[in-house]
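Engineer: Protein chains in written order, with this note's numbering: chain A, 1 to 406; chain B, 1001 to 1406. From the three backbone atoms N, C-alpha and C, an ideal C-beta is built for every residue, glycine too. From a predicted model like this one, the values you see are computed outputs, not experimental measurements.
2 protein chains.
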Amino acid sequence: MNFKITKGGVTSPKGFKSSGVSTGLKKGNKKDLALVYSKESCNSAGVYTKNRVKGAPLIVTREHLNNSKAQAIIINSGNANTCTGDTGIKNAEEMCSCCADLLELKKEDVLVASTGVIGVQLNIDAIKKSIPDLVNSLSEDEHKNAANAIMTTDTVLKTVSLSFKIGDKTVTIGAMTKGSGMIHPDMATMLAFITTDINISTALLNKALKDSVKVSYNRISVDRDTSTNDMALILANGLAGNPVIDEENQDYQIFSQALNEINITLAKMMAKDGEGATKLVECKVINAPNEHDAEILSKSVICSNLVKTAMFGADANWGRVLDALGYAGVDFDINKLQLSMESSKGTIEVFKNGYPVDFSEDIAKQILSEDEILIIVNMNCGSCIVSSWGCDLTYDYIKINGDYRS
Amino acid sequence: MNFKITKGGVTSPKGFKSSGVSTGLKKGNKKDLALVYSKESCNSAGVYTKNRVKGAPLIVTREHLNNSKAQAIIINSGNANTCTGDTGIKNAEEMCSCCADLLELKKEDVLVASTGVIGVQLNIDAIKKSIPDLVNSLSEDEHKNAANAIMTTDTVLKTVSLSFKIGDKTVTIGAMTKGSGMIHPDMATMLAFITTDINISTALLNKALKDSVKVSYNRISVDRDTSTNDMALILANGLAGNPVIDEENQDYQIFSQALNEINITLAKMMAKDGEGATKLVECKVINAPNEHDAEILSKSVICSNLVKTAMFGADANWGRVLDALGYAGVDFDINKLQLSMESSKGTIEVFKNGYPVDFSEDIAKQILSEDEILIIVNMNCGSCIVSSWGCDLTYDYIKINGDYRS
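Spelled out as structure tokens, the structure:
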């Protein structure tokens, strides 16, 4: 099925509102507090960082999601509320209860996420003072304020939506993410908030989210660092009115594909907006014996600092690609391997049958100077395909992280 | 035992000569071909890269070392002779046999190593033309020409020696290494050549080298990339005249310690001379429950791009250290953890008992502006200590790798 990504966001599905305000946590009066709200209770699911050090908001959200129900998410940027002990937990709880009071919900119906500097206590008073304004400015027509308020080093808003039909009912999914540095497979300093009006059981919502995160957010890397605060949350309020999806039927397959489309689109946007990045780099491993090996090889290539700097330099230094494949920890037959590099400007083959292939350095430079590069690794020993996405490593990455206490 | 590192090199032990000449593989008439030679046959051992893609010289050297005997090593820089198919193997063999003829050895007595660009056939004619000159200029008094000829992006010569007594016999170990980029645990783009006049069985020489590489070269990282060509080779010619070491007695322990001293010294030199690096960063995990966990945690910290850029910025951004510990994949109790950072200018404690510790940002800046930084992770739950060494990530790393076909 072909889905058409549109420019909406978390308020695109029926019954959702959002807002974003400034509390002063971020400098320069920038928006730093966001709220997503559904007028009906939602079946909800979450996927969390595997980092052993977990932020306070993550601990609180996981607890609040015990019953798989939620109706609002409050998110602040500028401070991760992590490594902040019991005080941090108390503050995360207070963000929820403060919102819940004004929205006439139980505090367990409110989820919480934070992103920003680690190890500094939240200015909870500033946040609490802003919550009435945050709640009052909730709107169906405006999703960009919220998307803006969750950004840290991001340079572009990351928000999309799409609609599709189940019978005669239109189902919509909307989403926003943030993430630029500290991005790595297994959920990095990224937050993803997905809203949908689909009618679906919590068990299948959970499964759909987990499966989708695996092939989207867990296949991108900016710098191999995974964060303490990452989560992807989905809220489904059922207002589309489709017959409830409670088995893995065709409706579920369509929803899963639509969710993948949303998440892969956002994942690629994150990779392309990686800290300091000038280009998106995709490594597609094709004709692999199995998904496991293909994923490991593909990730190894997009994670290599040497490949990333070569891409920055538009240098077809394919030896570094082979090197990254070699140390990935997966066996392969180098004599079957074919390597090529591709962009909208064309394709060059660089390695085949165990030997280098001659190519024009000038043409290679032209191809690699584009802002979306595809590295194709053809293993010629199976039929699996896996893509991972990363970006180049540039002077600006050093600048952003060498003197910004993020 | 306290060993005193001295400024010698591979010719410091009795009976060794070396030389280095220019063949034109490297631009600007730089030396790029080195030879190490012992007048007696040596018990020899090697440790090799775990990269699945292996350079031709590595394959040939491993074969020549089947009998654990060798008498010479020929090394070129400027070309890795890797991903070069059967032609590459033939060329590596030819480097050995050409040397062997002039030195009146069997070709199996000559080992070979290469470092430089991947995927380009060696200019074997240029090398063969230079071998007579290389052999003729062998000298006992000069080890720097050889050390120079194996450098790629290295900015300093890496060569050391030390002597110690076994009974009334003086035993000497000398060594040279190269390695700056593509450096990572499990043997990276690094070559290490160690000579010694100790009298030791091949079995124990093998064991001593393997154990020593584990705590030295395998505990450094510049950019998490491991190379196709890395090896550490040791030649022991027995000329010190000590009673042969053929059991793990006290003499063996002393030799092992001395070898560790040599290898750790060179490993730290490599990390400090990492591509673009301005400082050495050591992460020492103390009071750990076991060596395995301590090593994983320690390496995770020195490998994090975010920690590395923070060190470049002299920024005590300890949240990134905790983050790297968190995603290392090892369980620990964050409430027992203590973190501090240290240099010759002093120490600051930054995290304790689950909470941040207040510190002066000014003093932190002073401490972290030094060129050797120690990050101490006290786990408070055991007695193991493990150090790993890395460097900061700087603009120059991008410059070196963004436009240098290395």
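Going by C-alpha to C-alpha distance, which of Val-386/A, Ala-175/A, Leu-337/A, Ser-387/A sits closest to Asn-380/A?
Structural biologist: The shortest Cα separation from Asn-380/A among Val-386/A, Ala-175/A, Leu-337/A, Ser-387/A belongs to Leu-337/A.
Engineer: Distance check for Asp-109/A and Gly-20/A, CA to CA, integer angstroms please.
Structural biologist: Going by the C-alpha atoms only, they are around 19 Å apart.
Engineer: For a test of the three-state rule: what should DSSP assign to Cys-1247/B, helix, strand or coil?
Structural biologist: A quick correction: the sequence has Glu, not Cys, at residue 1247/B. If DSSP states are grouped into helix, strand and coil, Glu-1247/B belongs with coil.
Engineer: So that I know if they touch, is there some Cβ in chain B lying closer than 8 Å to that of Ile-334/A?
Structural biologist: Yes, contact with chain B.
Engineer: So, under 8 Å CB-CB, His-1064/B and Leu-1111/B are touching, yes? Tell me the CB distance rounded to an integer number of Å.
Structural biologist: So it is a contact: roughly 6 Å between Cβ atoms.
Engineer: What did DSSP end up calling Gln-121/A once you bin it into helix, strand or coil?
Structural biologist: Correct three-state label for Gln-121/A: coil.
Engineer: Could you list which residues in chain B have their beta carbon closer than 9 Å to that of Gly-28/A, in chain order?
Structural biologist: Here the premise fails: no neighbours, minimum Cβ distance about 20 Å.
Engineer: Taking Ala-1294/B as the reference, which of Val-1285/B, Val-1117/B, Val-1135/B, Ser-1300/B has the closest Cα?
Structural biologist: Nearest C-alpha to Ala-1294/B: Val-1285/B.
Engineer: Taking the continuous alpha helix (DSSP H) assigned at Glu-1094/B, which residues delimit it?
Structural biologist: Its alpha helix (DSSP H) spans residues 1085-1103.
Engineer: Using 8 Å as the threshold, is the region 251-263 of chain A in touch with the region 192-201 of chain A, meaning 3 or more CB pairs across them?
Structural biologist: Verdict: yes, contact present.
Engineer: Output yes if chain A places a C-beta closer than 8 Å to the C-beta of Ile-1296/B; else output no.
Structural biologist: Taking Cβ atoms only, chain A never reaches closer than 8 Å to Ile-1296/B, which makes this a no.
Engineer: Just confirm the distance between the C-beta atoms of Ile-1073/B and Ala-1113/B, as a whole number of angstroms; I'd bet it's less than 8 Å.
Structural biologist: About 7 Å separates the two Cβ atoms, so the contact holds.
Engineer: Helix, strand or coil for Ile-302/A, going by three-state DSSP, please let me know.
Structural biologist: Ile-302/A: helix per DSSP, three-state reduction.
Engineer: Thinking just about the alpha-carbon of each residue, which of Lys-17/A, Val-377/A, Ser-221/A is nearest to the one in Thr-195/A?
Structural biologist: For the residues Lys-17/A, Val-377/A, Ser-221/A, the minimum Cα distance to Thr-195/A belongs to Lys-17/A.
Engineer: Of all Cβ atoms in chain A, is any one closer than 8 Å to the Cβ of Pro-1185/B?
Structural biologist: Caution is warranted here: a pLDDT of 38 is assigned to Pro-1185/B, below 50, making its placement in the model unreliable, and the coordinate value is therefore given only provisionally. No, Pro-1185/B lies away from the interface with chain A (no Cβ there is under 8 Å from its Cβ).
Engineer: Anything in chain A within Cβ reach of Val-1285/B, meaning under 8 Å, just list it in chain order.
Structural biologist: Those do not exist, as Val-1285/B stays about 14 Å from chain A at its closest Cβ, beyond 8 Å.
Engineer: Considering just the uninterrupted stretch of the alpha helix (DSSP H) at Asn-1206/B, what are its terminal residues?
Structural biologist: Per DSSP, Asn-1206/B belongs to the alpha helix (DSSP H) from 1202-1215.
Engineer: What residue ranges within the region 1329-1380 of chain B form continuous alpha helix (DSSP H) runs of no fewer than 4 residues, ordered along the chain?
Structural biologist: Qualifying alpha helix (DSSP H) stretches, in chain order: 1361-1368.
Engineer: How is Tyr-252/A classed by DSSP in three states: helix, strand or coil?
Structural biologist: Three-state result, Tyr-252/A: helix.
Engineer: Is the beta carbon of Val-1281/B less than 8 Å from the beta carbon of Asp-1392/B?
Structural biologist: Taking 8 Å as the Cβ cut-off, Val-1281/B and Asp-1392/B qualify as a contacting pair.
Engineer: Counting only Cβ pairs nearer than 8 Å, list the residues of chain B close to Cys-83/A.
Structural biologist: The contacting residues are Gly-1319, Leu-1322, Ile-1334, Phe-1351, Gly-1354, Tyr-1355, Pro-1356.
Engineer: When the Cβ atoms of the region 72-90 of chain A are set against those of the region 254-272 of chain A, are three or more pairs found closer than 8 Å?
Structural biologist: No, the region 72-90 of chain A does not touch the region 254-272 of chain A.
Engineer: Name the chain A residues that come within less than 9 Å of Asn-1123/B, Cβ to Cβ?
Structural biologist: Those within 9 Å of Asn-1123/B in chain A number zero; the least Cβ separation is about 15 Å.
Engineer: Comparing C-alpha positions only, which one of Tyr-37/A, Thr-115/A, Leu-103/A, Leu-35/A sits nearest to Leu-25/A?
Structural biologist: For the residues Tyr-37/A, Thr-115/A, Leu-103/A, Leu-35/A, the minimum Cα distance to Leu-25/A belongs to Thr-115/A.
Engineer: Taking CB distances under 8 Å as the criterion, tell me whether Asp-1331/B reaches chain A.
Structural biologist: So yes, Asp-1331/B belongs to the interface.
Engineer: Hey, Gly-390/A and Ile-220/A are a contact pair by Cβ (cut 8 Å); roughly how many whole angstroms apart?
Structural biologist: Indeed they touch by this definition, with Cβ atoms about 7 Å apart.
Engineer: Please compile the residues from chain B whose C-beta is within a distance smaller than 8 Å of the C-beta of Ile-150/A.
Structural biologist: Chain B residues near Ile-150/A: none, gap ~19 Å exceeds 8 Å.
Engineer: Run down chain A in chain order and give the residues with a C-beta less than 8 Å from the C-beta of Ala-1232/B.
Structural biologist: Ordered by position in chain A, no residue passes the 8 Å Cβ test against Ala-1232/B, which lies about 17 Å from the chain.
Engineer: Would Lys-345/A and Glu-372/A be called neighbours here (beta carbons separated by less than 8 Å)?
Structural biologist: It is not a contact, given that the beta carbons lie outside the stated cut-off.
Engineer: Run down chain B in chain order and give the residues with a C-beta less than 8 Å from the C-beta of Ala-310/A.
Structural biologist: Ordered by position in chain B, the residues that pass the 8 Å Cβ test against Ala-310/A are Asn-1401, Gly-1402.
Engineer: Anyone know if the C-beta pair for Ala-175/A and Phe-164/A falls short of 8 Å?
Structural biologist: Contact flag unset, no.
Engineer: For the structure I just gave you, are there three or more beta carbon pairs, one from the region 23-37 of chain A and one from the region 126-138 of chain A, closer than 8 Å?
Structural biologist: As far as the Cβ criterion goes, the region 23-37 of chain A touches the region 126-138 of chain A, which means the pair count is three or higher.
Engineer: Quick check: Gly-1325/B and Leu-1297/B, are their CB atoms within less than 8 Å of each other?
Structural biologist: Inspection of the sequence shows that residue 1325/B is occupied by Leu rather than by Gly. The answer is yes: Cβ separation under 8 Å.
Engineer: Taking Val-244/A as the reference, give the member of Ala-364/A, Lys-169/A, Leu-105/A with the closest Cα.
Structural biologist: Considering only alpha carbons, the answer is Lys-169/A.
Engineer: If you reduce the DSSP assignment to three classes, tell me which class Gly-1326/B lands in.
Structural biologist: Reduced to three states, the DSSP call for Gly-1326/B is helix.
Engineer: Between Asn-436/A and the rest of its own chain, which residues show a CB-CB distance below 6 Å, the 5 nearest in sequence each way excluded?
Structural biologist: Past the boundaries of the shown model lies residue 436/A; chain A is included only from 1 to 406, so the question cannot be answered.
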